[in-house]
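Here's the structure, in structure tokens; my notes come after.
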Amino acid sequence: MPITHLTDFSDRLSPMLVKELRQGMRARSFTLLFLVFQILLGTILLTASAVSSSDSAGSFASGVIFTMFAIAALFIQPMRGITALSTEITGNTIEMMVLTRLNASRIVFGKWIAIVSQTGLILITIIPYLILRYFFGGMILLGELVFLALIFLSSMSLTAIMVGFSGTNAKLIRSIPILGVVVLINVIPSLLFRGGFNTFMTACTMSDWDSLLGVVAYICFIAYLGWCALSHGISSIAPAAENHSTLRRLIALGLVCITAAIGFFYKVDAHIPPIMFAIILLPATLTALTEPSFLLPPVYKPFLKRGLIGRIASVFLLPGWPTGVIYTTLLIVISVMGIAGTSTRTPAGVINDEYWTVSLALTGGILLPALLSAYFSKQETRRFTNFMIFLLASVVLTIIPTMFTDMYHHPSYLWLLIWNPPICMPMLSNGDIDKSHLLTTVMTVDLIILFLLLVTAIRAFRGYREIMLQAEQELAPPAAS
Amino acid sequence: MSALKVQNLYRYFGNLQAVNGVTFEIPHGSVCGFVGSNGAGKTTTMRILASLDYPTLGSAEVCGINVVHHPSEVRKLIGWMPDHFGNYEHMTVLEYLDFYARALGYKGKERRQRIQEVMDFTDLVPLADRFSNKLSKGMTQRLGLGRALLHDPQVLIMDEPAAGLDPKARVELKHLIRVLAKEGKTIFISSHILSELGEMCDSLLFINNGRIVHHGDAETLRRGSDTQGGVLYDVQVDGKPDLVSDWCVLQPNVEFLEARKQGGRIRIDTEDPTKAADVLARMVKDGLRITEFHREQRNLEDAFIDIIGRLEAGKPAVAPPPMPQEELIVDS
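Listed in order, the protein sequences are those of chains W and F.
Mind the numbering: the first sequence is residues 5 to 485 in our numbering, read in order.
Mind the numbering: the second sequence is residues 2 to 333 in our numbering, read in order.
In structure tokens:
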């Protein structure tokens, strides 16, 4: 039987996208969502048109359309990415794909784009309802379109986070992003229905400088977050011979340097640099501190070819958590310098002890799980899972004792948990605790954790030596006979 | 140049030594069976050769290309069939092969033609529109083989392809492997079913605790000595079987093991075929009317157990003697 019916997708499309679309369009989760979405929207808009004499019918219809789309785009569609990579890993199919011309990036991006294009399909089907809604009157056209685009972009980012995390072997860890999604789903209807709809849509028209900056900043934020998540997913499935870490680390390093420079040379709101540093550092260090410590000669050779600079750069930029610790230390140092630079251009008292305590508590909140996972991860592939478990434990050990001490009015007991830096944040709100004393303590705790982490990392880094020597020998010119 | 060349290969997983100094070569166009108990290091070695894992030390080459330094080059040369692989939901057999053909860089007409060839070879055409996750184990293995053959690789690495197959599917798979071997492909195949490997393979590679303990052809193994270093012969005489046992009692280095209808099994404590000829000559000289005298062939499972047994007893896993030119069958 000759094969004739294999022309449904162009050869120009990525094989991964073709595969995911073929599978995804047949998946019950998509077809059901698509049909229910259409039926509900149709029914609700018909009801709205029946009461179209009411002044609020237009904004009600908009609210319904956006809420429905937000649920589909921000919850259901990203959720479909939760097992995107794990099913390939457990099914042993990822290895078969790696043996083709598909590399880890193409696999992960293909999976992400397939879900995003299905979300795009849902978005397109909304257009007739939006046209219908236009006739109800009172539509803030640009604002609503921008808002729709923002939901779509957020969906892209959330899908990226889900797909990126889906390479993790623990279901619990894969489910963490869902919490964020649930929060978003709760926020959007309240935003749309509690009288703030028009205000919000006006902000989305970007008619003033602040709202434009806000929209652009939000897009940059979700784009960076999504890219980091996808990059994390790529690292989790990439063979050891593929180096995806160096570029990611260089980009984050560049962003941190730019932010620090802005703090140094421009007068900005004192609260912006720390938030920027937190946004850049958190996803970048999360991956750097948890990468498996595998090294192969082909990965090290490009560094060797760049001479002394390459060798120095390799200490920060080679894949694996040992170099990740050194790289994270570098980022922290630049960030601290950036904040210090900002403090010289802001009025006295803005960047105070509390400001530094929060910054150091957050930094320690990342370093402590990294230290624990460095000691307790026997399997390299479980390092990220262990990190996340320790991070969750740290958060729990901050929230629950704080609740108890608030209940029984004994905040001094929180000092017992001072080895867990995030505990400093609730301690700050207590008037009985000396703030400067707290700052000194959290700084000491952070330094001890960082020191232990660096010692562990340097010890693990020595394990690379044999591979590095092998790479050097392979690159060395043959000795003259 | 060998199709596969492994030198001093080591692979550690923490404290576990999965592969412990493995060295072997497989020539082009040959079929080599890879045998070992569970956890012996078969899959790890095969995965390193398939560029899916990397060695802690040592080197592995496919057609002269190092798997660690040039994995993408190696991947063009090999077809990899893992012991277990999942199939995709909501994807037909045809779409499954289409996906891998696209991923391998085939386009348009060439892609369709290549899929057609593979489907014809693996007899998947009647299953083209079946969902790939609804196939039986045997069909799934055929699909897996089809996928591995899409880019027409020179070397096929197959990890336990016959595991879990029913006898019919096993015969079909064996047939496909034979055809591929005839086409000149190098096939490196692991299996627990030694008898099947013996039929298909030009050579067998035994691995135990991460070390190669034997590399030779199946025929030599069948003719090899037993655990006690002797060689077993089946002797049949025209007359009472007791004649053989009585004769053996008086002979040095010959032991009577078991009576049979027309004679019995004897063990001669030497692997030298000329000594066996001497024993036969003495029998004839002493008046035994020999109707049949031939060296017993062990099955490969026994040979494997023998080699492992020798190692566990601290004896070296001696290489079996070379195969004699012809059987010693004497009609009186």
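No residue lacks a Cβ here, since even glycine has one placed at the ideal position from N, Cα and C.
| Item | Value |
| --- | --- |
| Could you tell me how far apart the beta carbons of M92(F) and R110(W) are, in whole angstroms, since I believe they sit closer than 8 Å? | In fact, because the Cβ distance is near 18 Å, the residues do not count as touching under 8 Å. |
| How many angstroms separate the CA atom of F298(W) from the CA atom of L157(W)? | 35 Å |
| Out of V399(W), R463(W), D438(W), A397(W), which one is the CA nearest neighbour of P415(W)? | D438(W) |
| Which full runs of the alpha helix (DSSP H) of 4+ residues lie inside the region 241-271 of chain W, going along the chain? | 249-269 |
| Is T104(W) close to chain F, meaning its C-beta is less than 8 Å from at least one C-beta of that chain? | yes |
| Within a Cβ cutoff of 7 Å, which residues of the same chain sit near L195(F), ignoring the five residues on either side of it in sequence? | V36, L301, E302, F305 |
| Below 8 Å, how does it come out for the region 164-174 of chain W and the region 76-93 of chain W: are there three or more Cβ pairs, yes or no? | yes |
| Looking at chain F, which residues of the region 100-128 of chain W have a Cβ within less than 8 Å of any of its Cβ atoms? | M100, M101, V102, L103, T104, R105, L106 |
| On the DSSP bridge assignment, give the partners of S60(F) in chain order. | Q8(F) |
| Going straight from the alpha carbon of I128(W) to that of Q81(W), what length do you get? | 15 Å |
| Going along the chain, which residues of its own chain have a beta-carbon closer than 7 Å to the beta-carbon of L125(F), five neighbours each way excluded? | V94, R143, L144, G147 |
| Okay, do the region 393-411 of chain W and the region 423-437 of chain W touch, 3+ Cβ pairs below 8 Å being the bar? | yes |
| Using 8 Å as the limit for Cβ to Cβ distance, is Y55(F) near chain W? | yes |
| Nearest chain W C-beta to E328(F) closer than 8 Å, yes or no? | In this prediction, E328(F) has a pLDDT of 37, which is less than 50 and means its spatial position is unreliable; nothing more can be read from the coordinates. |
| Pairing CB atoms from the region 180-195 of chain F with CB atoms from the region 210-218 of chain F, are three or more of them under 8 Å? | no |
| Write down every uninterrupted run of the alpha helix (DSSP H) in the region 92-154 of chain F whose length is 4 residues or greater and which is fully enclosed by it, in chain order. | 94-104, 109-122, 138-150 |
| Taking Cβ-Cβ distances shorter than 9 Å, what residues in chain F pair up with P430(W)? | Under the 9 Å cutoff, chain F gives no residues; its nearest Cβ is about 40 Å from P430(W). |
| Buried or exposed: T228(F), going by 16 or more other Cβ atoms within 10 Å of its Cβ? | Summary for T228(F): the model assigns pLDDT 49, below 50, so the residue's position carries little reliability; its value from the coordinates is reported in the next sentence. The residue is exposed, with fewer than 16 neighbouring Cβ atoms inside 10 Å. |
| Which residues mark the beginning and the end of the alpha helix (DSSP H) in which F257(F) is found? | Careful: F257(F) lies outside any alpha helix (DSSP H), inside the beta strand (DSSP E) at 255-261. |
| Quick one: Cα of V180(F) to Cα of V459(W), how far? | 58 Å |
| I need the straight-line Cα distance from M101(W) to Y331(W), nearest angstrom please. | 32 Å |
| Can the beta-carbon of D12(W) be found less than 8 Å from the beta-carbon of G109(F)? | no |
| Assess contact between the region 257-274 of chain F and the region 233-241 of chain F, defined as three or more Cβ pairs (one per stretch) separated by less than 8 Å. Is contact present? | yes |
| Does chain F have any CB closer than 8 Å to the CB of N489(W)? | This structure leaves residue 489(W) out entirely; chain W is present only between 5 and 485. |
| If you draw a straight line from the alpha carbon of G68(W) to that of I43(W), how long is it in whole angstroms? | The question names Gly, but residue 68(W) is Val in the sequence shown. Between V68(W) and I43(W), the C-alpha separation is close to 13 Å. |
| Could you check if F34(W) is buried or exposed, using at least 16 other CB atoms within 10 Å of its CB as the buried criterion? | buried |
| Run through chain F and tell me which residues come within less than 7 Å of Q27(W), C-beta to C-beta. | Y89, E90, H91, M92 |
| Closer than 8 Å is the cut-off here; do at least three beta carbon pairs connect the region 294-310 of chain W with the region 468-475 of chain W? | yes |
| Report the rounded CA-to-CA distance for K115(W) versus T289(W), giving the unit in angstroms. | 24 Å |
| Using 8 Å as the limit for Cβ to Cβ distance, is P243(W) near chain F? | yes |
| Step through the CB atoms of chain C and report whether any lies within less than 8 Å of the CB of K108(F). | This model lacks chain C altogether, as its protein chains are W and F. |
| Would you kindly check if the distance between the Cβ of G342(W) and the Cβ of T263(W) is under 8 Å? | yes |
| Since D160(F) and M82(F) should fall inside the 8 Å C-beta cutoff, what is the C-beta to C-beta distance between them, to a whole number of angstroms? | 7 Å |
| Provide the residue span of the alpha helix (DSSP H) that contains R33(F), from first to last. | The residue asked about is misnamed: residue 33(F) is Cys in this sequence, not Arg. That residue, C33(F), is in no alpha helix (DSSP H); its beta strand (DSSP E) goes 32-36. |
| Kindly say whether R143(F), judged by its beta-carbon, lies nearer than 8 Å to any beta-carbon of chain W. | no |
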